[in-house]
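Written out below as structure tokens is the structure these notes cover.
2 protein chains.
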Amino acid sequence: MSDQEQFVMAEQADRGGAPAVYVVGVGMTQFGKQPDRTPEDLGREAVWAALQDAAIDPRKIEAAYCGHVYQGMAVGQRVMAQVGLAGIPVTNVENVCSSGATAIHGGYLAIRAGECDVVLALGVECLTGRFRGALAPEEGDFEALQGMTMPSIYAMRARRHMETYGTTAEQLARVSVKNKRNASLNPYAQFKKAVTLEEVMASRPIAEPLKLMECSPVSDGAAAVVLMSERAVRALAARKPTRLAAVALLSGTYEPGLTDMAFEPLTWRTAQVAYARAGVGPEDIGFAEVHDCFSSAEVLRVEGLGLVPRGEYPRFVEAGHADIGGKLPINPSGGLLGKGHPLGATGVAQVVELVRQLRGEAGPRQIDGAKAGLAHCRGGKAAGIEGAACTIAILTA
Amino acid sequence: MSDQEQFVMAEQADRGGAPAVYVVGVGMTQFGKQPDRTPEDLGREAVWAALQDAAIDPRKIEAAYCGHVYQGMAVGQRVMAQVGLAGIPVTNVENVCSSGATAIHGGYLAIRAGECDVVLALGVECLTGRFRGALAPEEGDFEALQGMTMPSIYAMRARRHMETYGTTAEQLARVSVKNKRNASLNPYAQFKKAVTLEEVMASRPIAEPLKLMECSPVSDGAAAVVLMSERAVRALAARKPTRLAAVALLSGTYEPGLTDMAFEPLTWRTAQVAYARAGVGPEDIGFAEVHDCFSSAEVLRVEGLGLVPRGEYPRFVEAGHADIGGKLPINPSGGLLGKGHPLGATGVAQVVELVRQLRGEAGPRQIDGAKAGLAHCRGGKAAGIEGAACTIAILTA
């Protein structure tokens, strides 16, 4: 670990004294292909659902943070105007696939700073009206022009994991089987049907060893959460507060290149910050929502988080330990592979799932007895660095 | 004032206990037409200048907030990678013309929350490579399609002010004369030449009564500031701390329509929050940088801030009171009309000017003896609400 990393980590440790933060309301729209819906329309539905779940007077909302990538100017304001909350402070944030989680981080800081007691964090994205098939790379992304698109990057990393640890293509495919099975139990998920290992393996090759069913889809959707300070939880008698014990955000350092493509230092470093702030370790985490944009991505995330030793996650999945009834359920919501991936909404929807699980409201996907859950996003690539943004939230019952 | 407004304002008042925040380094690029420069290139120059001005080890920077509108994904991360600061938490924010100020608000909250002690806030925008002539309205902006573009809105508001208060077209034009004269004293400004009243009045009509020289230009540029907590100021022996006494952010409530186009309730409301947080009143403000996107806009801002009674600012300008040597200098930097308006950079550049003035480093534009300065931005329109975002920062020597 470099001096720079040590400095950042020491400085990022929680300093105490700031108010504790709770999630008191959650809501989301159906995720899926909804090309005729606007960000205002989706955002309104998610926000209303979260406000209704929180059962508070909407006028108690003091500020809003809105995460998105492609929705144009002042999206958060446009959504607030639709839900009757025009006039409050609104901040729009973008951190590629971590945009929604960055909105939660913003709301968390506004409460921690003592500026607000009740904050709305939302994420929204309409993609299917904009992209046919896969997302087009940014103009001027010279790496993507050379073929280094997201599927090929995650395919290379899968190949490295296979070479180093003896991981098989079937083990990777089982990540999709698990997540799509979980999604079939989630009414908000894009994919409604469980699939077999054979179906995943027989699906169209995208970038060897990844098949179509191992890639997250193009989706439209929105999600929202209501955050409160501890004193607001008491003053407003919030019915079901879930502690947002920590939110951590880091960007990637300079590209480590091919030194170890089978491991993800950015996820590891962000996790150290999150664990330190929450005062927990990976051994305390009962389940997690992680950024499974590809089947191989889930492997990199879970191992990078230190939840399973390096190289062992594919066998862990094969043994059923990551299933909803297993030792450490991963992506009980269906994850990006099953629930869908409307970029800005994803990080918020992960927290929606954590809250539902920790409250015992997850219905047929309910995990027994988990006391702490973790949500992990990792956003995009940027030329020369290992990733644009990684976010981790830890929630405790 | 509605219940909603009262609630927001009461809740927005500063709650104390959180660390005080200081600006310890400022930097900006030349503003102007620089179509060949990238946001990374401009951002790097501004950040380096701010770091050099702060005279601190760049590795002390713990997080960055980047404001922009049109620069695509992960701009802040791309700039950080260029200045050797990859790896820290980076948050990209967008609030139309208040984007840069919103980045400062983000950094301010990160310090107030105790999460960071040293934060970089920057704003960057490349417009001339993207737009020929005026900025094109957003797709789907049905108001703009009907002719309600920015120049026509500010022309209508000018007309209303003329009707209500007897303001003359010449008085409005004098705002441009003043700001372009100030800009001629600012080496970073887009316009290098003072202009006469006759030249402004003879410039091409844009939307009656506004002429070309009364409209802010399309610009490229970047600006950056280093923020520190009070304890970091001491621990790192910052040479020239300037207190960031308050940052306030509000979005617009539902469009008041034609009830009083000569006044700006959003600016007024945001000012009340800012004054309350800073513990000062308009009478304590010695000078201000305000969002003069049009000559008439400066009138609405200064009167909305309560710095000059309603209806009186045009005569105040005519009397020379808003000049650098006057009672209440407005836009000593040259403002948007003279310095230029690279959207995301504007709010940060305003704070750069405030700091230079309060330190006594403004050279030929130096204002004597001012102890408190105010920076005001107002961003965009959004269908159905009076404005997307208004931000006010108050700095004290």
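Residue numbers (our numbering), protein chains in the order written: chain A, 2 to 398; chain B, 2 to 398.
Backbone N, C-alpha and C define an ideal beta-carbon position, used for all residues, glycine too.
Bear in mind that the values here come from a model prediction, so they are computed numbers and not experimental data.
Residues sharing a beta bridge with residue i, DSSP
i	result
A:E126	A:G222
A:A208	A:L211
A:Y1	Because chain A here runs from 2 to 398, residue 1 of chain A falls outside it and cannot be looked at.
A:T459	Chain A is shown from 2 up to 398; residue 459 of chain A falls before or after that span and cannot be answered.
B:M202	Note: B:M202 sits in no beta bridge, so no partner.
A:I325	Beta-bridge pairing links A:I325 to no other residue.
A:Y230	It should be noted that the sequence gives Ser, not Tyr, for residue 230 of chain A. Bridge partners of A:S230: A:V22.
A:I395	A:A247, A:L375
A:G141	A:G141 is not bridged to any residue.
B:G33	B:D221
B:I331	B:A289
A:C98	A:N96
Contact check, residue i vs residue j, beta carbons under 7 Å
i	j	result
A:V84	A:V125	no
B:L86	B:I57	no
B:M229	B:V119	yes
B:C127	B:D42	no
B:P315	B:V300	yes
B:P40	B:V76	yes
B:A64	B:A225	no
B:G102	B:T392	Just to set this straight, residue 102 of chain B is Ala in the shown sequence, not Gly. Yes, these two residues count as a Cβ contact at 7 Å.
B:G336	B:D293	yes
A:P365	A:L186	yes
B:F295	B:V219	no
B:L251	B:T271	yes
A:G68	A:S100	yes
B:G402	B:E256	Since the displayed chain B opens at 2 and closes at 398, residue 402 of chain B lies outside it and no answer follows.
A:V356	A:V24	yes
A:D285	A:A373	yes
A:V227	A:L121	yes
B:Y109	B:V178	no
From the options, residue whose alpha carbon lies closest to that of residue i
i	options	result
B:V352	B:N332, B:D369, B:P365	B:N332
A:N96	B:Y66, B:L213, B:G134, B:A51	B:Y66
A:F317	A:L359, A:R379, A:A174, A:C294	A:A174
B:V281	B:N180, B:A320, B:T397, B:E199	B:T397
B:Q172	B:L359, B:A323, B:G345	B:A323
B:G107	B:R360, B:D369, B:F32, B:G348	B:G348
A:H377	A:A389, A:V248, A:I207, A:N93	A:V248
A:R311	A:A263, A:L251, A:D285	A:A263
B:E215	B:Y155, B:V274, B:R366	B:Y155
A:G33	A:K212, A:E319, A:A190, A:A135	A:A190
A:G44	A:N93, A:T197, A:K372	A:N93
B:G341	B:M149, B:A184, B:V24, B:A135	B:A184
B:L306	B:P188, B:L329, B:G130, B:L110	B:L329
A:V27	A:I89, A:G339, A:Q358, A:P210	A:Q358
A:L375	A:N180, A:G388, A:I395	A:I395
A:L123	A:F288, A:A346, A:A277	A:A346
B:M202	B:P152, B:V22, B:A350, B:A170	B:A170
B:G327	B:G287, B:L338, B:R60	B:G287
Neighbouring residues, chain B, relative to residue i (Cβ below 8 Å)
i	result
A:P206	Within 8 Å Cβ-Cβ: nothing; A:P206 doesn't reach chain B, min ~28 Å.
Cross-chain neighbours of residue i in chain B, by beta carbon under 7 Å
i	result
A:G18	G115
A:N93	V94, E95, N96
A:A87	S252, G253, T254, Y255, I386
Within chain B, partners of residue i - CB distance below 9 Å
i	result
A:G406	Nothing about residue 406 of chain A can be read from this structure; chain A reaches only from 2 to 398.
Chain-ordered neighbours of residue i on chain A, where CB pairs are closer than 7 Å
i	result
B:P90	L250, L251, S252
Beta carbon proximity, residue i to chain D, threshold 7 Å
i	result
B:A82	Among the chains of the structure shown, chain D does not appear; the protein chains present are A and B.
Cβ-heavy atom distance, residue i to the ligand COA, below 6 Å
i	result
A:T268	You won't find the ligand COA in this model; it holds no ligand whatsoever.
Just by C-beta distance, which residues in the stretch 248 to 282 of chain B are closer than 7 Å to chain A? L250, L251, S252, G253, T254, Y255
Name, going along the chain, the residues of the stretch 129 to 155 of chain B whose beta-carbon falls closer than 7 Å to a beta-carbon of chain A. E139
Pull out every residue of the stretch 95 to 112 of chain A whose Cβ sits closer than 9 Å to any Cβ of chain B, in chain order. E95, N96, V97, S100, T103, H106, G107, Y109, L110, A111, I112
Identify each residue in the stretch 312 to 334 of chain A for which the Cβ-Cβ distance to at least one residue of chain B is less than 7 Å, and report them in chain order. none
With 7 Å as the limit, tell me which residues of the stretch 54 to 79 of chain A have their beta carbon closer than that to any beta carbon of chain B; keep them in chain order. R60, E63, V70, G73, M74, A75, Q78, R79
Going along the chain, which residues of the stretch 370 to 395 of chain A sit with their C-beta nearer than 8 Å to a C-beta in chain B? For the stretch 370 to 395 of chain A, residues whose beta-carbon sits nearer than 8 Å to a beta-carbon of chain B comprise G380, G381, A383, A384, G385, I386, A389, A390.
Residues from the stretch 221 to 248 of chain A in contact with chain B, defined by Cβ distance under 9 Å: none
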